[in-house]
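Some notes on the structure that comes next.
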Amino acid sequence: MTFPAYPLKKIAVTDEMEAVLGVRPQEAWLARDLVCLLPSEKDVRELRPDLELAQDLPGLLLHATAGGKDYDSVTRSFAPKLAIDEAPVCGSGHCHTCVLWAEKLGKKELKACQASERGGELYCRVQGDKVLLAGKAVLFSVAELRI
Numbered sequence: 808m809t810f811p812a813y814p815l816k817k818i819a820v821t822d823e824m825e826a827v828l829g830v831r832p833q834e835a836w837l838a839r840d841l842v843c844l845l846p847s848e849k850d851v852r853e854l855r856p857d858l859e860l861a862q863d864l865p866g867l868l869l870h871a872t873a874g875g876k877d878y879d880s881v882t883r884s885f886a887p888k889l890a891i892d893e894a895p896v897c898g899s900g901h902c903h904t905c906v907l908w909a910e911k912l913g914k915k916e917l918k919a920c921q922a923s924e925r926g927g928e929l930y931c932r933v934q935g936d937k938v939l940l941a942g943k944a945v946l947f948s949v950a951e952l953r954i
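Using our numbering, the first residue of the sequence shown is number 808, and each one after it goes up by one.
Dropping the structure here:
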């Protein structure tokens, strides 16, 4: 699937970010969402954010990311402002994080892990102002709409 790439702006890491995440981010980036670069994959996987405090951070969603052992990036995505504690796999989140990791790693094609409880593996390609995402999908509902 093809999505827009979000151009990120580096912002200052704050004490509020650390209070929400329980670990101080190494870097923070903002577009539609807030992206916090954590020191390690372990920090991302073990993260237990304070979602009530997270509502006061900038950005619509909060993405915590780090480089991975078996992946270019490992990410978790939280959306308390939308009444979603954690997204199982967040496509729009990877439109932020893949832009960041493509630049950091100097490569256009990335293998990413969403480290939620359900989890997911994504194959991402950054092409200019677009991000192409591929991976296995999970059907979570079926509906019929009659108008």
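We put the beta carbon where it would ideally sit given N, CA and C, even for glycine.
What three-state label does DSSP hand residue i in the structure shown?
i	result
Gly913	coil
Pro865	coil
Ala873	strand
Ala838	coil
Lys849	helix
So, at 8 Å on beta carbons, what are the nonlocal neighbours of residue i in its own chain, with the 5 sequence-adjacent residues on each side left out?
i	result
Met808	Gly898, Leu939, Leu940, Ala941
Ala835	Lys817, Ile818, Ala819, Val820, Thr821, Met824, Leu841, Val842, Cys843, Leu844
Val830	Leu845, Pro846, Asp850, Leu854
Gly935	Ala812
Hey, out of the options, whose CA is closest to residue i's CA?
i	options	result
Arg855	Leu841, His870, Thr821, Pro865	His870
Gln862	Ala826, Ser847, Gly874, Tyr930	Ala826
Lys937	Leu946, Leu845, Asp892, Cys905	Cys905
Asp840	Asp822, Leu952, Ala950, Tyr813	Tyr813
Asp877	Pro832, Ile818, Phe810, Cys920	Cys920
Phe885	Leu907, Val842, Ala873	Val842
Cys931	Asp892, Val881, Arg953, Lys888	Val881
Assuming residue i contacts residue j under a Cβ cut-off of 8 Å, what Cβ separation, rounded to an integer in Å, is found between them?
i	j	result
Gly900	Leu868	6 Å
Asp774	Leu912	There is no way to answer for residue 774, as the model of the chain reaches only from 808 to 954.
Cys902	Pro811	6 Å
Ser923	Ala890	Not quite, the Cβ-Cβ distance comes to about 16 Å (not below 8 Å), so this is no contact.
Ala838	Lys816	7 Å
Sorted by chain position, which residues of the same chain lie with C-beta nearer than 7 Å to residue i's C-beta, five sequence neighbours on each side aside?
i	result
Ala909	Lys915, Leu917, Val933
Gly875	Glu848, Val881, Cys920
Looking only at its chain, what residues have a beta carbon closer than 6 Å to the beta carbon of residue i, apart from the 5 residues adjacent to it on each side?
i	result
Arg925	Pro895
Asp857	Val827
Spell out a yes or no on whether the segment 842 to 851 and the segment 944 to 954 are touching, meaning 3 or more CB-CB pairs, one atom from each, closer than 8 Å. no
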